[in-house]
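Below is one structure; the comments refer to it alone.
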Amino acid sequence: MALNFNQYATEGNTFLKDYAKEMNMPNDLEKAGRIFASIMHALRDIIPAEESLQFIAQLPMFLKAVYVNGWSLERKKPKIKNMAEFLDLVRAHVGPTQYNDFEYSDDTAERYVDTTFIYIRKYVSLGELEDIRGSLPKELKSMIYSNIMF
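Numbering (this note's numbering), first residue to last: 136 to 285.
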């Protein structure tokens, strides 16, 4: 397998531009990138490692890199039971820009999560999303289910 880093960079930039447009922030690619990465990292934190590996197997190389950046299998998984706790975890992954990025609004943050899972469907099979949904706490299943058919 040849590694074509220029192609990965081009595909990654195209993805980020399209994702930013979906998120209604076409002129703020950095913010869109932070939000995407934080949602992926929060998901990674709460699903089993085996499920993460199956998930990333379907992602293009440029998204695999985002998903695994900073990943530690030794870190204890947080106990997330509902959307409010998940949104807190997402914000924690963003860091100091969290309030600016999510506009101090749970509704905005939840809309970003919903849009992200709709958008990721372009790369991940319905079956894999159903598997991820099955590994989520009851109160978070709708995060995937409500968006799974798009």
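Every residue gets a Cβ at the ideal spot worked out from N, C-alpha and C, and that includes glycine.
- Query: Can you check whether the CB of R169 is closer than 9 angstroms to the CB of T232?
  - Reply: yes
- Own chain residues within Cβ distance below 7 angstroms of Y202, not counting five before or after: M175, R179, I191, L194
- Query: By a C-beta neighbour count over all protein chains shown, 10 Å radius and 16 as the cutoff for buried, is S173 buried or exposed?
  - Reply: buried
- C-beta contact flag for Y254 and Y143 at 9 angstroms: no
- Item | Same chain, Cβ closer than 7 angstroms to L164, five either side skipped, listed in chain order | L151, K152, A155
- Item | Other residues of its chain near P183: CB distance less than 8 angstroms, five sequence neighbours each side excluded | S270
- Task: Output the residue ranges of the alpha helix (DSSP H) runs that lie fully inside the stretch 184-240 and measure 4 residues or longer, sorted by chain position.
- Result: 184-192, 196-203, 218-229, 233-236
- So what's Y258 in DSSP terms, helix, strand or just coil? coil
- Task: Measure the Cβ-Cβ separation of F245 and M218 and say whether it is below 9 angstroms.
- Result: Reading the sequence as shown, one finds Glu at residue 245 and not Phe. Their beta carbons are under 9 angstroms apart, which means E245 touches M218 by this criterion.
- Whole-angstrom Cβ separation of G147 and F197, contact assumed at under 8 angstroms? 4 angstroms
- Task: Report buried or exposed for A200, applying the criterion of at least 16 other Cβ atoms within 10 angstroms of its Cβ.
- Result: exposed
- Message: Helix, strand or coil, according to DSSP, for M278 in the structure here?
- Response: helix
- Query: In angstroms, rounded to a whole number, what distance separates the CA positions of P213 and L275?
  - Reply: 14 angstroms
- Query: Would R210 be called buried (16 or more neighbouring beta carbons within 10 Å of its own) or exposed?
  - Reply: exposed
- Have a look at A177 and A167 and give me their C-alpha separation to the nearest angstrom. 15 angstroms
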